[in-house]
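Asks: Before we start, here is the structure in question, set down as structure tokens.
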Amino acid sequence: MDSNLFKTKSIEQLVGDVEHGGKALKRSLSAVDLTLLGIGAIIGTGIFVLTGTAAANQAGPAIIMSYLAAGLACAFAALCYAEFASMIPIAGSAYTYAYATLGELVAWMIGWDLILEYAVGSMTVAIGWSGYMQRLLAGFGIELPMAIAAAPPIGIINLPAVIIVLLIMVLLVIGIRESARFNAVMVAIKLVAVVFFLAAGVSYVEPANWQPFAPYGWPGIMSAAAVVFFAYIGFDAVSTTAEEAKNPQRDLPIGIIASLVVCTILYLAVGAVLTGIIPVVEYRALAEVLPGVAMVDQAESVKFLNAPVAFALSVIGQDWAAGLVSAGAVAGITSVMLVMLMSQPRIFFAMSRDRLLPQGVSKVHPRFGTPYITTIITCVVVALVAGVTQIQVVGEMTSIGTLFAFVVVCAAVLRLRQTRPEAKRPFRVPFGPIFPVLGILSCSYLMLSLPILTWVRFLVWLDLGMVIYWFYGRTHSPLVNAAESAKRTPMQSLANFVNTLGLLLIFNAACMVVLGYMTEFGITNETTAKWHEIGVTADQADTFGLQFLAVSIAVWLVGFGLTKASGEKG
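At position 168 of the sequence shown the residue is numbered 452 (the working numbering), and the sequence of numbers has no breaks.
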């Protein structure tokens, strides 16, 4: 097996490559800028859209418990991000941290996974932005034709989602400082909108709407927690701008932790008021998930799920307030897109600078000092996909990608403390290994609470990333052992490939086994896991996983046999 797969780059090498490689980004962000970027990324589609959809379809009024569970998992991960960001103040976020601790292969997989967090997350946000913008325009009597207002199968293309992404692309290419100023204005507007919703809605809260508190049970609460976890994405986005912070060792931990605390408080308040104003479960997408519980007309359900906060105000006769909240939501969601579309290109930039992606795309604009090529590529792809995709699919994909990154970062903190205990840590996670371990456990549990089809898509995405790494990144890596590669025979190359394929399949199968037994033991159920979406019944789930695992082990054994026969090192 290639010796470079699990080689790491030292912290000194990572920082040195940036400082002396001629591709450093411009430092211009303060602690306030970083905190506002965090709030800008966190408060948006989550609070204005996913709060309502997760409450209606998965948690009911217990959505506040979902937010608490997700927020606690985020708190553990945030502390780990803060420690790393203060130690390695360069672009790349979790990708860079994994490269320093767990090796090139894991770093690549995390970088590939982060596309789910930032690029796919941007698609989710763009679709949510379109829904609120159309509601705002409707308040002025402007109705867009359905053909250009929604993705298939309802329409042809979600044109507002496409346009807003392309406009933000122009702003991001112009400069980080200009983008931060724009973000600060958007953050102020949306904070006003959130406070305004709370003030306008609190007097209309009916405690009866909070009963039953958890109609979907504990599995529903945790399933919703895994979905609304998307709403917390943002504090980690701060770490992607580490290379552009003026004083990263001090300011990055402040920006990461402060933004998370402020937003958690607001989420709990909005969740309580929203579910107190209207009986959210009556607006669920499917009647059969709660047999015997009343459900409104499907058209009304769709309106609520597209813009829950504004719709709730309309229901209680506060149409004027709904219009103002929609305006604030448009501004707020715009800032989320800005930060996410700012973050993804910097991950690409770092991977390209490490030669795991083509080096030609890691160019810094000579005038603006921004990674303009990766920004343009990211935004064009996001715009096209957001125009033809439904919000629920991309929302769940973003959550699982983020959770996986958080698990790796928490594990990487523990690993680096073993391998580099003497390294300078301007910020250190308190209480030794306790918080990183709790971060791993809580984020893993939230991942396992997501629907099975989301897991299948996630694993297929990682497998695709592994294929790209195997045929490009692995051979172009600066850590590759050229002499080792030159001496390898075709049979040894085949053994190497089959062996690695077997291990990859075992990882996939192990995930399926765990998910199957969680359903078998009642930790999850068919309502939340949705095994039927892949043609498997809940009773067959554990057997399906074990059969998949047996096939995977057989593939690995073939690779192991070829390795021994060819003389390739295992």
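Glycine included, every Cβ here is placed at the ideal spot set by N, Cα and C.
Here the structure is a predicted model, which is why all the values come from computation and not from measurement.
In terms of residues, what are the limits of the alpha helix (DSSP H) holding Ile-807?
Replies: Careful: Ile-807 lies outside any alpha helix (DSSP H) and carries neither H nor E.
Asks: Are the region 724-731 and the region 601-615 in contact at 8 Å, needing three or more beta carbon pairs?
Replies: no
Asks: DSSP three-state label for Ala-498, please.
Replies: Residue state, collapsed to three classes: coil.
Asks: Run through the DSSP bridge pairs and tell me what Leu-313 is partnered with.
Replies: Ala-529
Asks: Taking C-alpha atoms, which residue in Ser-627, Thr-559, Ile-561 and Ala-779 lies nearest to Gly-322?
Replies: Ser-627
Asks: Do three or more CB pairs link the region 358-375 to the region 526-538 at distances below 8 Å?
Replies: yes
Asks: Is there contact here, the region 388-398 with the region 686-695, by at least three beta-carbon pairs under 8 Å?
Replies: The region 388-398, when compared against the region 686-695, does touch it at the 8 Å Cβ threshold.
Asks: Beta-carbon separation of Gly-344 and Pro-499 under 8 Å?
Replies: yes
Asks: Specify the secondary structure class of Ala-346 as computed by DSSP and reduced to three states.
Replies: helix
Asks: Give the DSSP bridge partners of Asn-442, in chain order.
Replies: Ala-433
Asks: How long is the line joining the alpha carbons of Ile-441 and Leu-597, rounded to whole angstroms?
Replies: Cα to Cα, the separation comes out at about 28 Å.
Asks: Tell whether a beta-carbon distance below 8 Å holds between Ala-521 and Met-624.
Replies: yes
Asks: How many angstroms separate the CA atom of Tyr-351 from the CA atom of Ser-683?
Replies: 13 Å
Asks: Under DSSP, the alpha helix (DSSP H) around Thr-380 begins and ends at which residues?
Replies: 378-385
Asks: For the alpha helix (DSSP H) that contains Phe-828, what are its first and last residues?
Replies: Looking at the DSSP string, the run of the alpha helix (DSSP H) that includes Phe-828 is 825-850.
Asks: If we ignore side chains and look at the alpha-carbon of each, how far apart do Lys-708 and Pro-537 end up?
Replies: 15 Å
Asks: Between which two residues does the alpha helix (DSSP H) harbouring Val-489 extend?
Replies: Neither: Val-489 is in no alpha helix (DSSP H) and is coded neither H nor E.
Asks: Cα separation between Asn-341 and Leu-570?
Replies: 8 Å
Asks: Going by the CB atoms, is the gap between Ala-822 and Leu-799 shorter than 8 Å?
Replies: No, these two residues do not count as a Cβ contact at 8 Å.
Asks: For the alpha helix (DSSP H) containing Phe-755, list its first residue and its last residue.
Replies: Phe-755 -> no alpha helix (DSSP H), and no H or E assigned at all.
Asks: In this structure, does DSSP put Leu-640 in helix, strand or coil?
Replies: coil
Asks: Within the continuous alpha helix (DSSP H) that includes Pro-720, where are the two ends?
Replies: 718-732
Asks: Using a Cβ distance threshold of 8 Å, determine whether the region 435-452 contacts the region 572-580, with at least three qualifying pairs required.
Replies: no
Asks: Just to confirm my understanding: we take Gln-566, look at its own chain, exclude 5 residues before and 5 after, and list those with CB closer than 6 Å. What are they?
Replies: The question names Gln, but residue 566 is Glu in the sequence shown. The answer, listed in chain order, is Ala-578, Met-579 and Val-580.
Asks: At the level of alpha carbons, what is the spacing between Thr-337 and Ser-585?
Replies: 10 Å
Asks: Would DSSP call Thr-654 helix, strand or coil?
Replies: In this structure, Thr-654 counts as coil in the three-state DSSP scheme.
Asks: Anyone know if the C-beta pair for Ala-779 and Thr-703 falls short of 8 Å?
Replies: no
Asks: On the criterion of 16 or more Cβ atoms from any shown chain inside 10 Å, does Leu-730 qualify as buried, or is it exposed?
Replies: buried
Asks: Give the C-beta separation of Thr-803 and Trp-815 to the nearest angstrom, bearing in mind that I take them to be a contact with Cβ-Cβ under 8 Å.
Replies: 7 Å
Asks: By the 10 Å Cβ neighbour count, where 16 or more other Cβ atoms means buried, how is Gln-582 classified, buried or exposed?
Replies: exposed
Asks: Note the first and the last residue of the continuous alpha helix (DSSP H) segment covering Glu-401.
Replies: That run of the alpha helix (DSSP H) goes 388-422.
Asks: Going straight from the alpha carbon of Val-740 to that of Phe-424, what length do you get?
Replies: 43 Å
Asks: Would you call the CB atoms of Tyr-379 and Met-635 closer than 8 Å?
Replies: yes
Asks: Whose CA, out of Asn-765, Ala-793 and Ile-736, lies closest to the CA of Ile-818?
Replies: Ile-736
Asks: Span of the alpha helix (DSSP H) holding Pro-589?
Replies: Inspection of the sequence shows that residue 589 is occupied by Leu rather than by Pro. Judged by DSSP secondary structure, Leu-589 falls within the alpha helix (DSSP H) whose first and last residues are 582-590.
Asks: Leaving out five residues on either side along the sequence, give the residues of the same chain with a beta carbon under 6 Å from the beta carbon of Phe-742.
Replies: Ile-684
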